[in-house]
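Chains as they are written, first to last, in the working numbering: chain A, 407 to 656; chain B, 23 to 504.
Working notes, structure below.
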């Protein structure tokens, strides 16, 4: 589904990704961990197409297509979803309206008929239940005045609405209390099918209690330096990263 | 309305000014230039009474002594007032705007193209329209329905002929010819416009609307609107304006006067979409407008404007809160793109006791445009317990445009409570990235963000026009984001 080869990316003249290799197949869950500043969020941004970063070398294909050549919106319409660590606010634009446009764009891209208003409202009700999102929130402006937990639930709600092939969740667990974490994580698990794939970027092992990854990668200084399974996350939780990254320190 | 947002954005076409076509209509012009002879000629063409001619001449003589106002934050190229045709009217028009059959088919087609059907059965539900082309009113719909309630809604020319006492009593009572350069010019040469009178205690059952269209080349449009809401009455009024795409600049100098008598309420909404000029700033309408209303005791006047057109906009719809407990409101979205310039805002003059006013101004600048808010809140000595709340927000798109605010507060009464809030923001890269990541194109995203930003004002518009205005904002923004 996603193939990344030797991906390099920089912001200004500072190189952040320094040769990422990653392959994600349908049905898989990958976790990406690593100390602060190692490039985890940058990797998510670059795959989504954020123009703040310049790709200097390497390849990335999604469903066999070179996504590095594609616009952000086409990547999204193809089914690449980014769950934001810090969702933005769009004052005056209701979440319902925002989602209506997003769903319509995606359906148009897939050559599907637009949903009727009642079908859309039904979809909203059904999907907001996945993350126990208060239905009232969808009539409020996009994330304006949402609590930290609501913002993250809202990201997963959008993921449910858009039913992506590949979801990259950037620190969706940060800033959540235990209950919200459970709801968000269970929501993600519910949405997982053999046809789609999920990449979770996280600092903490606790998210992985709910979302069990098939692969656990450690990203450090712009490279994936180690890949293991869930036991890696437990070991990292206990022992930290030092045993892994010592060899790479400059 | 939520559902509609999306439909609107989908309907967007290439982003060109949609109303830029010209109509091939036989037009009668008078000679170019302005002198007493021209003023007399206009008056004669309209078959006006002596008093009105006298008023025009007085205004003209005064105008000759006046200087062009230069205080606005606008770069105004020199306007040659002798190079303008002050009167142009579609020919073949019946003197009494009667049935649709009387109207030149080409004229009718023009208004159909603009989405303003002149057949009443097709007209927007519940909206009566007065259509003004160049210098004259073409047709007023639903006149009979309104007449049953005693409501007068007609062209200014008809009003002068049929209701001379009313017109004479109120014309110039709110905006005197001596008020400013353009009000003097307008009083001297105004050719038509709308007149509306709502009798005591009557709630006007439909939206009243005037649609202004400039068609003829080389002409200026000088219309005059007078609305009188008698005691305890209510009316919601809307004006729309478009013009063909031309390389030359055309002058539009209108005056709108509103008299809101005791316990009455008037809502006046404008969707101004004059041709703004092309990408390089060539052509476009120069829009110099004086709009003012007087509120008597317990009266309420609410201005809502969506300004997206014109190369230059100079406009300050104001409220004189004369009566005790009267209320004035001003809700504005002014958007400029490319080389457009706008200097717009309001004046709230508190004279009566317990008067309240509210100003919500949302400026949006894109391209290389300059957008200014200019406001004055004045509290007279006797205006005990006056209250004003002002909010001026500016949104910048790109880094070559300008947003400015010039608020003035002048309070002579220590019991007044005046609040002013202002913000300036940009559409952030993060917002665009977020929208793009959900599959929206950048242009749709900007349209969405701008409509969200302007929502508080758009919500004040009557439903049909709110939709129109949203569409307009999105279209006017096209090409503003690289």
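For glycine and all other residues, C-beta sits at the position ideal for the given N, C-alpha and C.
The structure presented is a predicted model; accordingly, all values stated were derived computationally and were not measured.
Where residue i sits in the DSSP three-state scheme
i	result
residue 479/A	helix
residue 368/B	strand
residue 274/B	strand
residue 492/A	coil
residue 470/A	coil
residue 363/B	strand
residue 660/A	Absent from the model: residue 660/A. The displayed extent of chain A is 407 to 656, so no value can be given.
residue 547/A	strand
residue 249/B	strand
residue 464/B	helix
residue 65/B	helix
residue 80/B	helix
residue 190/B	helix
residue 448/B	strand
residue 537/A	coil
Other residues of its chain near residue i: CB distance less than 8 Å, five sequence neighbours each side excluded
i	result
residue 329/B	292, 294, 335, 337, 354, 355, 356, 357, 364 and 366
residue 438/B	372, 401, 405, 407, 408, 409 and 410
residue 529/A	509, 521 and 567
residue 89/B	203
residue 143/B	Unreliable placement is indicated for residue 143/B, whose pLDDT of 45 sits below 50; no coordinate value is reported for it.
Nonlocal neighbours in the same chain, by C-beta distance under 6 Å from residue i, ignoring five residues either side
i	result
residue 445/B	415
residue 395/B	367, 383, 385, 414 and 427
residue 347/B	320 and 376
residue 634/A	622
residue 488/B	480
residue 507/B	Lying outside 23 to 504, the shown extent of chain B, residue 507/B is not represented and no answer is given.
residue 191/B	none
CB contact below 8 Å: residue i versus chain A
i	result
residue 461/B	yes
residue 455/B	yes
residue 410/B	no
residue 417/B	no
residue 406/B	no
residue 443/B	no
residue 451/B	yes
residue 30/B	Confidence at residue 30/B is low in this model, with a pLDDT of 34, below 50, so the placement of that residue should be treated as unreliable; the coordinate-derived value is given next. Cβ-Cβ to chain A under 8 Å: no for residue 30/B.
residue 119/B	In this predicted model, residue 119/B has a pLDDT of only 44, less than 50, meaning its place in the structure is not dependable; the value taken from the coordinates is given anyway. No, no contact with chain A.
Under 8 Å between C-beta atoms of residue i and residue j
i	j	result
residue 601/A	residue 618/A	no
residue 548/A	residue 479/A	no
residue 411/A	residue 465/A	yes
residue 563/A	residue 536/A	yes
residue 208/B	residue 244/B	yes
residue 312/B	residue 214/B	no
residue 315/B	residue 323/B	yes
residue 252/B	residue 227/B	no
residue 598/A	residue 580/A	no
residue 242/B	residue 47/B	no
residue 399/B	residue 391/B	no
residue 176/B	residue 212/B	no
Interface residues of chain B facing residue i [CB-CB closer than 7 Å]
i	result
residue 456/A	455
residue 490/A	456
residue 511/A	461 and 462
Cut-off 7 Å between Cβ atoms - residues of its own chain near residue i, not counting five sequence neighbours on either side
i	result
residue 448/A	415, 422, 423 and 459
residue 26/B	With a pLDDT of only 38 at residue 26/B, under the threshold of 50, the placement of this residue in the model should not be trusted; the figure read from the coordinates follows. Answer for residue 26/B: 489, listed in chain order.
residue 57/B	none
residue 490/A	561 and 576
Partners in chain A for residue i, counting only beta-carbon separations shorter than 8 Å
i	result
residue 458/B	455, 477, 478, 479 and 482
residue 353/B	Ordered by position in chain A, no residue passes the 8 Å Cβ test against residue 353/B, which lies about 14 Å from the chain.
residue 385/B	None at all; the shortest Cβ gap to chain A is about 15 Å.
residue 465/B	In chain order: nothing, as chain A lies at least about 10 Å away.
Cutoff 8 Å: residue i Cβ touching any chain B Cβ
i	result
residue 594/A	no
residue 461/A	no
residue 507/A	yes
residue 519/A	no
residue 525/A	no
residue 493/A	yes
residue 564/A	yes
Listed by chain order, chain A residues near residue i by CB distance under 9 Å
i	result
residue 389/B	Per Cβ cutoff of 9 Å: no residues; residue 389/B is ~21 Å from chain A at best.
residue 471/B	496, 497, 498 and 499
residue 421/B	None at all; the shortest Cβ gap to chain A is about 16 Å.
Residue i: contacting residues in chain A (beta-carbon distance under 7 Å)
i	result
residue 475/B	497 and 498
Neighbouring residues, chain B, relative to residue i (Cβ below 8 Å)
i	result
residue 547/A	474
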